[in-house]
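Q: Input: one structure, supplied below.
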Amino acid sequence: MADASSWYAKLLHATVRWFRYNIVFCKAVAFMTALLFSNSVVDYGVVRILISYLEKNWKKVNLAKVASVINVKDGISAVMMIVLAHISDTWTGRFVMVVCSTAAYAIGFWVLYVSAMFNSANNVVLCFYLAMVPIAAGRAMRGPTLYAFLGDQIGHQDEPNQDKKRVQARVKFWVRLNKFLGATVAFFVFGPLLWKESFEISAIAMTISGFLFSCGFPFYYRKKPTGSPITDVYYVIKAAIWKRNLDYPATPKQFYHNDKGELELSPHVALLRWLDKAAIEETSNSSMSSPEEQESRGMLCPAAQVTKVKLLLTMAPMWATFFNYCLVVATGSTFFFLQTSNMDGHINLTYFSIIRTFSSFIASFLYELLVLRLCTERQQKHAWKVRIGVGMFCSFLSCMVARFVEIYRLKLYKDNIGEKIIPMSVFWLTPQFCLLGFMEGLCEDGLVDFYCQQVPESMKAYGPPFNRWVLGMGNFVSILWVLTFKPWFGDNINDSQLDNYYAILAIVSIANLFVYGLVSNMPIYNIDQVAEKDVQLQEILADGNKSPVSKSFIPPSHLSIATSTQRITASTSFPEHQSRNTGIVVQKKLSHQKTM
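Under UniProt numbering, the first residue of the sequence shown carries the number 1, and numbering increases by one thereafter.
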């Protein structure tokens, strides 16, 4: 009896401790909950399954064109994510951006509702094109703006003793809670509804939740815009092009604020050497203004700024290996759903979106749990290679499973010609959606892990937007890919040869896995601890005369080991007279980072 009481007391204590660590209540979060919830409802109930709406309402339109339109929408959404993040962090602030993008989301659904009211082929096509951009903008706002703004509120609530890991945990709790509730409501509410009713409910939900969010204005903590890494990229490339005719320096002193004393700025990549010219001082030319004036005009960049941009651009080969991943994701968002045609079992397509998301969460959660417990800190830094590799192998498995299911489905369809429903359950599609979710959970979070190890602290918050931008480009590539095999696609799923298309995707997935193995072991991706500290030192020295940069919040759906357990959270700004002239202060700063 005593043992049972002791066990109960420990369980109660652990539960209370978990609640205190992960849950926070405040007025700002209360006003944001409606918007988080409605975003989840319309995302699962409508946006993710729009391919079904187009397939049923676009008459005499080739299946390849329908899939291409969905890929355009998803591509625009992914590209706009980094655009909205840059605008909010540079000019408008996050509150204004959330309000504007929510309004755009609502407008998009109202346009779709109007098109459904006057249901004709021309109206459906025209109104969908009109609604595509505002819906893409609304969906793009969640990661870099809405979730980041939620992080601002919870972080401000925890001040002055702010624990960044606890802030991340609390934001993840609220986001996942609303995702779960929203998906549940979407599954039970939107299933029996007509598309017109679904669009109407979505438009009303976004309008009301946007209004409630705006009502919380007096309670929100609003950070002032402090700039984004995209500005650094622009200035470095601009300055390098401006100075393209200059010779490379003969001494390190010719580089502006080259505190590290390098003759060739790191990382040492031949294709990126031309960017070093952005940091060359033209002191011998009397017609040129002072270095400080050149910097203010965007014609000269500190060596540390060039290094940061070069580190970002070294991601390009790794990003290129994800184009096949984009093809599989695009296929899962289009043709996987269309395979439900003629299958037995009237189930809401939201079910498959939920299965996909849940599988992604499970894969990411189990990976992080195992890596934290079984791997040393050094092994964790290289675990992303295995994580992404396993995810890419899951893309192959998903395509193969989808192919076998499609072969069997087509056989039953031909054996039951004239029947609207074939004797095959829609639950046959569950394994391929599960594997698709495993792929996303491992690959996308693994890519964020890799990004956060590759770039300096000041650029880590832009990992998800940069990665989503690349994946968005992949959506546009997938359009060309689908059109390449256009003869395999008919006017409907039964007149198409999806089994052949899946086979090609599976072959390309395996080939891409070998390419990824080569790219992931390139020397530029094996940066050691010393190199990372050198970059941090350069940032401390170069940013000393600037105001502190507000760290952008990393969206919780992409929060992973590299971002949650290995981040250096110390501030990187010093007074100018200390950072540029006093080495002792810098040493103290680095010592403080080691203790963190």
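Cβ atoms here follow ideal geometry from the backbone N, Cα and C, with glycine treated the same way.
What number of angstroms, rounded off, separates the C-alpha of A278 from the C-alpha of S88?
A: For A278 and S88, the distance between alpha carbons rounds to 27 Å.
Q: Drop a sphere of 10 angstroms on the beta-carbon of M117, count the other beta-carbons inside from all chains shown, and report buried for 16 or more, exposed for fewer.
A: M117 comes out exposed.
Q: Is it the case that the segment 242-252 contacts the segment 206-218, given that we only count it when at least three CB pairs across the two stretches are under 8 Å?
A: Counting Cβ pairs under 8 Å, fewer than three are found: no touch.
Q: Using 8 Å as the threshold, is the segment 500-512 in touch with the segment 108-116, meaning 3 or more CB pairs across them?
A: Contact fails: fewer than three Cβ-Cβ distances are below 8 Å.
Q: Mind checking whether F190 and L112 have CB atoms under 7 Å apart?
A: No, these two residues do not count as a Cβ contact at 7 Å.
Q: Label D495 either buried or exposed according to how many other C-beta atoms from any shown protein chain fall within 10 Å of its C-beta, with 16 as the threshold for buried.
A: Exposed: under 16 other Cβ atoms inside 10 Å.
Q: Could you say if the segment 316-324 and the segment 14-25 meet the contact criterion of at least three C-beta pairs nearer than 8 Å?
A: As far as the Cβ criterion goes, the segment 316-324 does not touch the segment 14-25, which means the pair count is below three.
Q: Residue 630 and T334: beta carbons closer than 7 Å?
A: A query on residue 630 cannot be resolved here, the shown segment of the chain reaching from 1 to 596 and no further.
Q: Using 10 angstroms around the beta-carbon of I241, count the other beta-carbons present and answer buried if the total reaches 16, otherwise exposed.
A: So I241 counts as exposed.
Q: Assign F337 to one of two classes, buried (16 or more other C-beta atoms within 10 Å of its C-beta) or exposed (fewer than that).
A: Buried, by the Cβ-count rule.
Q: Please name the residue in L442, C26, S38 and L275 whose C-alpha comes closest to that of T357.
A: Looking at the Cα atoms, L442 is the closest of the given residues.
Q: If you run the structure through DSSP and keep just helix, strand and coil, what is K533?
A: Model confidence at K533 stands at a pLDDT of 42, short of 50, so the residue's coordinates are unreliable; what they give is reported in the following sentence. K533: helix per DSSP, three-state reduction.
Q: Would a check of beta-carbon distances place L327 closer than 7 Å to chain D?
A: The displayed structure is made up of one protein chain only, and chain D is not part of it.
Q: Considering only C-alpha positions, which residue in the set D43, G143 and A85 is nearest to G182?
A: Closest option to G182, Cα to Cα, is D43.
Q: Would you kindly work out how many angstroms separate the C-alpha atoms of V83 and S77, rounded to a whole number?
A: V83 and S77: Cα-Cα distance of roughly 10 Å.
Q: What residue from S290, G332, S359 and Y516 has the CA that sits closest to L505's CA?
A: When only C-alpha atoms are compared, the closest one is G332.
Q: Going by alpha carbons, who is nearest to A239 out of C301, Y501 and F187?
A: The shortest C-alpha separation from A239 is found at C301.
Q: Using 10 angstroms around the beta-carbon of K10, count the other beta-carbons present and answer buried if the total reaches 16, otherwise exposed.
A: Exposed, because fewer than 16 other Cβ atoms sit within 10 Å of the Cβ of K10.
Q: If you reduce the DSSP assignment to three classes, tell me which class D491 lands in.
A: In the structure shown, D491 sits in coil (DSSP, three-state: anything other than H, G, I, E or B).
Q: With K317 as the anchor, note down where its alpha helix (DSSP H) starts and where it stops.
A: According to the sequence provided, residue 317 is Pro. The question's Lys does not apply to it. First-last of the alpha helix (DSSP H) with P317: A316 to A320.
Q: Compute the beta-carbon to beta-carbon distance between M424 and R409, rounded to the nearest angstrom, for a pair I have assumed lies under 8 Å.
A: About 6 Å separates the two Cβ atoms, so the contact holds.
Q: In terms of residue numbering, what span does the alpha helix (DSSP H) encompassing P229 cover?
A: P229 -> alpha helix (DSSP H) spans P229 to W242.
Q: Pick out the complete alpha helix (DSSP H) segments inside the segment 168-228, 4 residues or longer, and give them in chain order.
A: DSSP runs (the alpha helix (DSSP H)) wholly in the segment 168-228: 195-215.
Q: Any idea what DSSP makes of S296, helix, strand or coil?
A: Reduced to three states, the DSSP call for S296 is helix.
Q: If you draw a straight line from the alpha carbon of F352 to that of H346, how long is it in whole angstroms?
A: Approximately 13 Å between the Cα atoms of the pair.
Q: In angstroms with no decimal places, state the Cα-to-Cα distance between V519 and P192.
A: Spanning the two alpha carbons is a distance of roughly 48 Å.
Q: When the distance is taken between beta carbons, is P267 closer than 7 Å to residue 606?
A: Lying before the first or after the last residue shown, residue 606 is absent from the chain, which here runs from 1 to 596.
Q: Tell me which residues share the same chain as K551 and place their Cβ nearer than 7 Å to its Cβ, disregarding the 5 neighbours each side in the sequence.
A: Low per-residue confidence applies at K551: pLDDT is 44, beneath 50, and the placement is therefore not dependable enough to give any value.
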